[in-house]
Structures are given as structure tokens and as C-alpha cells.
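Read the first sequence against our numbering and you will find it ends at 732, with the numbers running on by one and no gaps.
Built from N, CA and C at the ideal position, the CB exists for glycine as well.
Bear in mind the structure is a predicted one, so any value in this text is a computation, not a measurement.
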Amino acid sequence: MLRMSTLFLRTLRDDPADAEVPSHRLLVRAGYIRRIAAGIYSWLPLGVITLRNIENIVRQEMDRAGFQEVHFPALLPKDAYEETGRWNDYGPDLFRLQDRKGSDYLLGPTHEEMFTLMVKGEYSSYKDLPLALYQIQTKYRDEARPRSGIIRGREFVMKDSYSFDLTDEGLVESYQRHREAYIKTFDRLRMKYNIVSAMSGAMGGSASEEFLAPCETGEDTYVLCEKCGYAANVEAMTTVVAPADASKVAPLEVFDSPNTPTIDTLVELINAKFGGGYDGSMTLKNVMLMADEKPISVLVPGDREVDLKRLEANLAGVNDIRVFEDADFAKFPGLVKGYIGPQDAKKNGITVYADPRIARGTSWVTGANAKDKHARNVVNGRDFTVDSYVESAQIKKGDACPKCATPVIIDRAIEIGHIFQLGRKYADSLGLTVLDQNGKSQVVTMGSYGIGVSRAVAAIAEQSNDELGLSWPVEVAPAKVHIVATGKEDAVFETAEKLAADLEGAGVSVMLDDRRGTSPGVKFKDAELIGIPVIVVVGKALEQGNVEVRVRRTGEKSEVAVGQALKAVTELLPTLP
RNA sequence: CGGGGCGUAGCGUAGUGGCUAGCGCGCCUGCUUUGGGAGCAGGAGAUCGGGAGUUCGAAUCUCCCCGCCCCGACCA
């Protein structure tokens, strides 16, 4: 039982000055967490209990799915990370340190290497597979910009699991098992979420999905089709465009276009010149980029920007992309800034990438590669060629769903889980093999799955709060019932004590506000701020032999006889989220 | 890393060269009060982020450093 009279807790009346997003503001005000440094927080008793509740739900669902818990140190020698190349590839986000002998260590940002080696050390037969292991552990990443309280921290708690299979089909099955376990977990946490297609990114591998909890303060953007349910991270959103028939398009025509350095000025000019009917989407923008210091041109419709994130995610084998600078233009005199068209790309030795919207046979208005000159009726396949198609244009609200063509909506969310099929990358570089039925050595294929446990505290807080404070789901809350004793008569406190003891006896965790001499207003405000789902007030109504039962989330109140309170509360709890 | 903002008591803040750094919350003591962050009286609590400088005099001006927040870049 938690007692307000002794609980290590001080709630704050004012919002902390350094907190903006609701979860951060309220978790600090209600005394769950305190900031230690940027992206590094300590947990006070209420926070620890809440975090543990979430951890335990995650643990139970992992165990139920047949995954086995292990535990690694956070402090790791660099060896394994050297072997996979991540000691360097991970870059400045890796916390590195040395021991007294000068040996290199790191604080684990994720544990693929360690799990792979652990399995390698124990297992060597196909008969041992499939296998899935997990841990709940503190991770360290020296984020360039930690933000939003515990939504993106530099130290955070994560559940990470890894599956090990002999075959690709086995991996797909393991992936599905994890997917289902995640659905059960997040449902139990009472979170609103969408499962969206994602890019596997730097981790390599094929299929990947993210569990995104929609909320305004989220830092991920994703598209959602309300009709067919298609959901994808913007990076993974695909564009379906049918090739056009260009046989009737008039020949390419170069025209004078002075003072049209931007798409807007160009559209204005061509509408005046050719009798209207043009808009930005009919022009072709040539964005010059350096991909690993090789010049590339990316073609997108004039009314859209190049989305560098999407481009980078979809452009295989390129590490670094940057926009052209003046020095780069100087090296390519054939490129006339503001008047570039893809017609001469070959001649200039530039690789041309195009967004799928620039389909074969489509006709465009674009630069004519000469100062103050543009061209119209420039047809893909006739007047220029595209080396490769790559999703690169910015996604807009209302773009067509790739599955059913319905206009999609765009929403923001917090990433709370990520599952993906890793493949053999780590098993290969660390030599994790098993003998198959024929006694032949086979490289194991892996899946990797993560849940941001401490981030889930923030995500749930983001999704369940109001102007009064937090409002936790029953299974997550630091206690299920918050009993407020108001008044100065001993009878009130005695009744409250007894009810608290009875509830605890029935397996219902209780927070009891047993502070004497604290005014009722303070107790109510604190209870609402802390966000325990059921508030029982033992006070004025006691004269009639009643207590008041309130539902935090809805504000519903009802009076029940003291003798009925235990029953009323235990019956109420299962009906709440 | 680029842009913007900020750093004064546990929290929120006032104070643009001049007296002992002010106020609210919280905290302590006493009295009163007890259904919506009570009242009165008294009290404790601050090297004004750090260092150097300018000045008769610096929270206030200058320089350097540190830290925090927001936007962007980045982010398995």
C-alpha cells in the first residue's frame, strides 16, 4: 500500500520551465521523474512502479509467446562490435569509454552482436532452432538531440528480442509470432497504435514494421488509408503511377523564360505564354545532389520537394547524400542553376534518378540547360532517360493509397515498437552457423524486435491525460485505487484505512491519502494529477454511511454504502480501460 | 552540427550599472481552518550557471567556458 503521508513524492503546482510536451510536463509535475541531464532521467517511486508495471506486462507476453529472457551487461567490450563494423558505423551516437588499461568499451545501444555470440556459444545444431531470446535492459545512445522528456532519451529501457532460424520460412514464422505477441502487449497496455510498413534502414534485412502510437507530439510521420487500412512510414510509402502514352505529344519546344528561377515564376510565365492551364505539378524539378561525392539528379514534380529522408531510405548502397553547393556547380558548367533539365544528363555524366511520378511517357515543362530557357513537351523516354526510379518526392496529404487509391491522411506518432527480419548479416559476420540435416554448416537467419519500455510510459501518458493531469490505464497505473480521506474526524481516517486494507486483501493495489491537516482541495488536485484510475473519497458522505467512487478518466461519481465499497470497486475495475 | 530562446532558493519568477536581490508556491513553528491547490503571524532557505575582465560599484556591461529547452539536420 502506498501512503501519501510517507510516499517519497512532492508534486509541483507549476509546470516545469524545461518541459513542453504533456507527458514530460505531467510526469515531472506529478513526481514520477526528474531530469538529471539532457535525455537522462531518474525515476521516483511512482515512476518506478509504473515502469515496472509496463515491464511486467511486456515480460508476461514475451514469456507467453515462448520467448526466453536473458540479460546482458550494458557495459560491453568493443570486440564483437568491431567484427560487425558497428564500432565505427554507429558513429558518434555510441557511448565509448576505456577501462584503466586503456581497452575500449561501449555502452550497448542495441545488442544484436551479443545475442548472436551467446547463441553461437551454446548451440550448433538445426535441432535447437527455432529460438527466440529477449531481455529488458537499459540502452545508451548519445543522441544528437534528445527531446521531449523520456520520449527520446540518451538512456532508456528497451525490451529487445532476437529470433534464430535455419530457413527464410522459419524467419517469417518467428516474425509473425513476435508480431502477434506485440499486438497482445500493446493491447494490454491500452495503447492506440498502428502497425505500419517501415524501411529496414541501416540494419539491413527485408521486411520491417513499426508500431506507432499516434499523438501530436510524436516525431514520426506516417500515412494511413482510412478505407483499406494501409499504413506506412512516409519513407516506406509507395507511389503507383501508370505509364502514359506519349505518341500524341508535340515535339519538344524550347522557349525563352527570363527571370524564372523558381517553379512559381515559371508557372506564371508559361500560363501567360501558352494560354493557361499549367500548374506546378506539370513542371519537372531537377534537384542536384551529391551521393557519396558522385553527382546525381533527382526528378520530382515541381510542386513537391525532394524528401531526403525518403530518398536516402530508398537509395540502396549510398551512405551520404548532400545538396549541391556552388562549388559543385562550378565543376559542372553544363548545369545552369535554375534552368536544369534531364535532357543533357548523360552528356554531363550525371546519374538520373526519378520519382515514380515521373513515369515513362509523361510529358513535362522543365529547364532547357541554358540561361533563361525552358522547354515544354519534354517526354520521359523520348527526350530524356531515367537511370533508375526511386521514391523520393515528398508525400502529401491526399496522395493516393498504393493499395486502393483512396486519398491518404498523414499523422504523427511515437514509435513504440519495431520488428524486422534481419536476415544473415550478423550471423554471417560473427560466424553463427549450425549443422543441418545433412551435416552441412548453415548460416542462421535472424529477426530483431524492440519495444521502447520507458518510452511507452511517455507514450501512454501522451495518450491518456487531460487538463487535470495523468489518467493511467488500470494495469499500468502505480495503484488501482486512490483513497482520499478528507476531514478531521478520526472516523474518516479509520474508515479509509479499513477500506484500503480490505482492497489490498482482495488483491487491489491502493494509494491512501492519509495526510492529516492537508486540505481537501490539495488532496483532490494531487489525486487527479497522479492519475490513478479510481478515486474513492471518504469524507462528508460518511455521515450518511457512504463513500464516493469516482472514475478519473470520465469524471463519473457515485455514492455507495461503506459496506458495499469493496464490492463496488472490485466490480468497477474490470470495466475500465 | 545550423537557427532561436534561456540559466536568479526545491519549483515558478521579478529585477538593463547604485541601499541588505524582490515576489508566489513549497518547507519549518504557532494559532485558526477542513469538499476543490485555506487564513493570520513568525521563520529557514540564493557563492544570481562557472571563470576572467571593465568599473568607485556588476545578477545587470565585455570575453571565454559550461549547461538546459525548442525548430531543423541526425536517429537500430
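field: Residue range of the alpha helix (DSSP H) that includes T265
entry: Membership of T265 in any alpha helix (DSSP H) is not indicated, and neither H nor E is assigned to it by DSSP.
Alpha carbon of T517 to alpha carbon of Y385, nearest angstrom: T517 and Y385 have their alpha carbons spaced roughly 27 Å apart.
field: Any non-hydrogen atom of the ligand NAP closer than 6 Å to D510 Cβ
entry: The ligand NAP is not part of this structure, which contains no ligands at all.
Alpha-carbon spacing of V203 relative to F222, whole angstroms: 25 Å
- prompt: Beta carbon of I571, beta carbon of A362: below 7 Å?
  reply: no
field: Residue span of the alpha helix (DSSP H) that contains W242, given as start and end
entry: 241–244 is the extent of the alpha helix (DSSP H) around W242.
- request: Would you mind sorting K314 into buried or exposed? The rule is 16 or more other CB atoms within 10 Å of its CB.
  value: buried
message: Output needed for A357: all residues of its chain with C-beta closer than 6 Å, excluding positions within five of it in sequence on either side, in chain order.
response: Confidence at A357 is low in this model, with a pLDDT of 43, below 50, so its placement is unreliable and the value that follows should be read with caution. Answer for A357: no residue qualifies.
Element boundaries [beta strand (DSSP E), containing M445]: 439–446
message: Does G605 come out as helix, strand or coil in the three-state DSSP assignment?
response: G605 falls in the strand class under three-state DSSP.
- request: Could you check the C-alpha separation between P688 and L697 for me, to the nearest Å?
  value: 22 Å
query: Leaving out five residues before and five after L167 in sequence, what residues of the same chain have Cβ atoms less than 6 Å from its Cβ?
result: R184
field: Beta-carbon proximity list for F479, same chain, < 6 Å, skipping 5 on both sides
entry: M443
- request: With S318 as the anchor, note down where its beta strand (DSSP E) starts and where it stops.
  value: Its beta strand (DSSP E) spans residues 310–320.
task: In angstroms with no decimal places, state the Cα-to-Cα distance between G718 and E630.
output: 26 Å
field: Coarse secondary structure for K428, derived from DSSP in three states
entry: helix
- request: Look at the alpha carbon of Y337 and the alpha carbon of Q253, and state the distance between them as a whole number of angstroms.
  value: 37 Å
field: Sequence-distant residues of the same chain with beta carbon closer than 6 Å to P557, five excluded per side
entry: T393, V395
- request: Determine the direct distance from the alpha carbon of A387 to that of A560, and round the result to whole angstroms.
  value: 14 Å
message: Can you give me the C-alpha to C-alpha distance between A296 and P228, rounded to a whole angstrom?
response: Here residue 296 is Arg; the residue named in the question, Ala, does not match the sequence. Between R296 and P228, the C-alpha separation is close to 15 Å.
task: Report the rounded CA-to-CA distance for A611 versus G710, giving the unit in angstroms.
output: Each residue's Cα considered, the two are about 25 Å apart.
query: Grouping DSSP H, G and I as helix and E and B as strand, with all else coil, what is M273?
result: helix
- prompt: Hey, how far is the Cα of M437 from the Cα of C370?
  reply: M437 and C370 have their alpha carbons spaced roughly 35 Å apart.
query: At what residue ranges does the segment 580–665 contain a whole run of the beta strand (DSSP E), taking only runs of 3 or more?
result: 588–590, 596–598, 600–607, 636–640
message: Please identify the residue among E310, L667, R670 whose C-alpha is closest to the C-alpha of A193.
response: E310
- prompt: Roughly how many angstroms lie between the CA atoms of M354 and L470, to the nearest whole one?
  reply: CA-to-CA, the gap between M354 and L470 works out to about 11 Å.
query: In the DSSP assignment, what residue or residues form a beta bridge with A185?
result: Paired residues: none, contrary to the question.
- prompt: Should F163 be labelled buried (16 or more other beta-carbon atoms within 10 Å of its own) or exposed?
  reply: exposed
- prompt: Hey, quick one: how far does the alpha helix (DSSP H) through N208 stretch, first residue to last?
  reply: 200–219
Alpha-carbon spacing of E714 relative to D681, whole angstroms: Distance between the alpha carbons of E714 and D681: 21 Å.
message: Taking the beta carbon of P372 as the centre, do at least 16 other beta carbons fall within 10 Å, making it buried, or is it exposed?
response: For clarity, residue 372 is Thr in the given sequence; the question names Pro instead. The residue is buried, with at least 16 neighbouring Cβ atoms inside 10 Å.
field: beta strand (DSSP E) segment containing K449, residue limits
entry: That run of the beta strand (DSSP E) goes 449–456.
task: Look up A357 in the DSSP assignment and say whether it is helix, strand or coil.
output: With a pLDDT of only 43 at A357, under 50, the local geometry of the prediction cannot be trusted, and no value is derived from it.
query: Are there three or more Cβ pairs, one per stretch, closer than 8 Å when the segment 262–270 is compared with the segment 224–240?
result: Contact between the segment 262–270 and the segment 224–240 is present: 3 or more CB-CB pairs across the two stretches fall below 8 Å.
query: Excluding the five sequence neighbours on either side, which residues of its own chain have a C-beta within less than 8 Å of the C-beta of D323, listed in chain order?
result: If we look at D323 and ignore the five residues flanking it on each side, its Cβ neighbours are T600.
Same chain only: Cβ atoms within 7 Å of M156, ignoring 5 sequence neighbours per side: A655, E659, V665, L667
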